[in-house]
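Numbering (my numbering), first residue to last: 1 to 156.
We treat Cβ as the ideally placed atom computed from N, Cα and C, and that holds for glycine.
Accompanying notes for the structure given below.
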């Protein structure tokens with residue numbers, strides 16, 4: 001293990017538009033309040049007994065572990081969405097599961113697909129009972145180049 005297990009998490013999402021894909025992604029990160037940090041992309045496990053907290057201002061330049069979904073699109077008028085969902089098991093000694101999804105179209109369909117991935121991953125694949133599923137989405141209609149971003153941020 002590389003450090004203490006995160007004990008908390010929060011959900012965040014954002015969207016942005018710019019003249020390049022990287023700038024649109026950067027704008028989406030800023031909209032989600034995780035811009036100006038160094039993102040450490042994780043696979044999809046929520047530590048046992050992690051508790052949800054309200055999002056808070058992250059220190060600029062800090063290393064931020066998170067699982068995220070994102071999509072960049074270059075076609076003006078396209079509707080794009082990104083979602084994350086986190087499954088919290090009934091047994092607090094078991095790890096939870098985070099799933100990410102992104103697609104063209106409305107966020108409602110994207111978010112439901114993400115929640116269904118959590119259900120399958122926990123109940124079918126892991127044999128765990130789910131206490132709760134939490135989710136968040138971002139949707140955006142592209143003006144120039146658009147980006148959407150949704151994340152589960154793990155924190156101390």
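Does DSSP put residue 109 in a helix, in a strand, or in coil?
Residue mapping note: residue 109 aligns to position 109 of the chain shown, counting from 1. Note: residue 109 maps to helix in three-state DSSP.
Does the segment 138-150 touch the segment 91-99, meaning 3 or more C-beta pairs lie closer than 8 Å?
With a cut-off of 8 Å, the segment 138-150 and the segment 91-99 do not count as touching, because too few Cβ pairs lie within range.
What residue range is occupied by the uninterrupted alpha helix (DSSP H) comprising residue 150?
Taking the first residue of the chain shown as 1, we reach residue 150 at position 150. Counting along the chain, residue 150 falls outside any alpha helix (DSSP H), though it belongs to the beta strand (DSSP E) covering 145-155.
Selection from 73, 36 and 40 that minimises the alpha carbon distance to residue 58:
By 1-based counting over the chain shown, the position of residue 58 is 58. Looking at the Cα atoms, 36 is the closest of the given residues.
Which same chain residues, not among the five before or five after residue 45, have their C-beta less than 8 Å away from its C-beta?
Working through the chain shown from its first residue, we reach residue 45 at position 45. Taken in chain order, the residues that qualify are 95, 96, 97 and 98.
Once the 5 residues before and after residue 62 are set aside, which same chain residues still bring their CB inside 8 Å of it?
Along the chain shown, one-based indexing puts residue 62 at 62. Short of 8 Å from the beta carbon of residue 62, and not among the five residues preceding or following it, lie these beta carbons of its own chain, in chain order: 37 and 38.
Classify residue 3: buried if its beta carbon has 16 or more other beta carbons within 10 angstroms, exposed otherwise.
Here residue 3 refers to the residue found at position 3 of the chain shown. So residue 3 counts as exposed.
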